[in-house]
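A.B. asks: All residue numbers for the sequence shown refer to my numbering, where the first residue is 10 and numbers rise by one.
Don't be surprised by glycine CBs; every beta carbon is placed ideally from N, CA and C.
Remember, it's a predicted structure, so these values are computed and weren't measured experimentally.
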Amino acid sequence: MRTRIKICCIASIDEAQLAIAAGADALGLVAAMPSGPGPIPDACIAQIAAWTPPPVATFLLTSETTAQAIAEHVRATQPSTVQIVGHIDPREVEELARLLPHVRRVQVIHVEGPEALALIPAYAPHVHAFLLDSGRPGAAVPELGGTGRTHDWSVSARFVRASPRPVFLAGGLDANNVTEALRQVRPYGIDLCSRVRTEGKLDVMKLALLMAAVRDVDAALYAEG
Numbered sequence: 010m011r012t013r014i015k016i017c018c019i020a021s022i023d024e025a026q027l028a029i030a031a032g033a034d035a036l037g038l039v040a041a042m043p044s045g046p047g048p049i050p051d052a053c054i055a056q057i058a059a060w061t062p063p064p065v066a067t068f069l070l071t072s073e074t075t076a077q078a079i080a081e082h083v084r085a086t087q088p089s090t091v092q093i094v095g096h097i098d099p100r101e102v103e104e105l106a107r108l109l110p111h112v113r114r115v116q117v118i119h120v121e122g123p124e125a126l127a128l129i130p131a132y133a134p135h136v137h138a139f140l141l142d143s144g145r146p147g148a149a150v151p152e153l154g155g156t157g158r159t160h161d162w163s164v165s166a167r168f169v170r171a172s173p174r175p176v177f178l179a180g181g182l183d184a185n186n187v188t189e190a191l192r193q194v195r196p197y198g199i200d201l202c203s204r205v206r207t208e209g210k211l212d213v214m215k216l217a218l219l220m221a222a223v224r225d226v227d228a229a230l231y232a233e234g
């Protein structure tokens, strides 16, 4: 199966065009966050989401923590998918599914240790996919993504095997480590941000090298059966 690729921290229609031309399946649009790179105004998110052609998905990254606030954020920006970046109360995600049944829901799980696996049954009934990242939601200034750090992929591999939903892998992925990440974790897709940028701008060469590496490992894994 082909690894899906989400390019996050998209800042403009120009960057969206570059990402799509490189082969992105989805674009990540970062709203206001307590920390981390890439936030853009909601008006810009709405503009990029409206411009993006199908079948490319648009992910709104929201730090809102209640179903009502997340629903209002989605209505204001009109993405195809909402990515909930904090470990919010699962009952709020359940309510969000009732409020916005047509919008895809992706729950971020920050892998700080094996305890991440315990979150699967709480969220899985209410989301379409998980995304494993390397944040620290409990830090004094919460880190909810875009850290550029890898995490323990052995935990991520266990999460993928246990999850009834597709799983994206994020956190410090680049052309040098994506082969090992895909071989070890076997995620449905990967999520890229800081490691495919130079001085904050999407770097076409870094992106091309990573895309080539993903194609190569997908082909090798297919051949191996």
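#1: Report the rounded CA-to-CA distance for S24 versus P46, giving the unit in angstroms.
#2: How long is the line joining the alpha carbons of V120 and R13, rounded to whole angstroms?
#3: Candidates L69, E152, R174, K210: which alpha carbon is nearest K15's?
#4: From the DSSP output, read off the bridge partner residues of T156.
#5: Measure the C-alpha to C-alpha separation of L128 and A80 and round it to an integer number of angstroms.
#6: Can you tell me whether D51 is helix, strand or coil according to DSSP?
#7: If we ignore side chains and look at the alpha-carbon of each, how far apart do P43 and L230 end up?
#8: State buried or exposed for P48, treating a residue as buried only when at least 16 other CB atoms are found within 10 Å of its CB.
#9: Which of the three DSSP states, helix, strand or coil, is assigned to I97?
#10: Alpha carbon to alpha carbon, how far is L27 from C18?
#11: In angstroms with no decimal places, state the Cα-to-Cα distance between G144 and E233.
#12: L225 lies in the alpha helix (DSSP H); which residues open and close that run?
#13: Short check: CB of A222 to CB of T188, under 8 Å?
C.D. replies: Considering the structure as presented:
#1: For clarity, residue 24 is Glu in the given sequence; the question names Ser instead. Roughly 15 Å separates the two Cα atoms.
#2: 20 Å
#3: L69
#4: According to DSSP, which records beta bridges pairwise, T156 is partnered with nothing at all.
#5: 22 Å
#6: helix
#7: 38 Å
#8: buried
#9: coil
#10: 13 Å
#11: 33 Å
#12: Residue 225 is actually Asp in this sequence, not Leu. 213 to 233 is the extent of the alpha helix (DSSP H) around D225.
#13: yes
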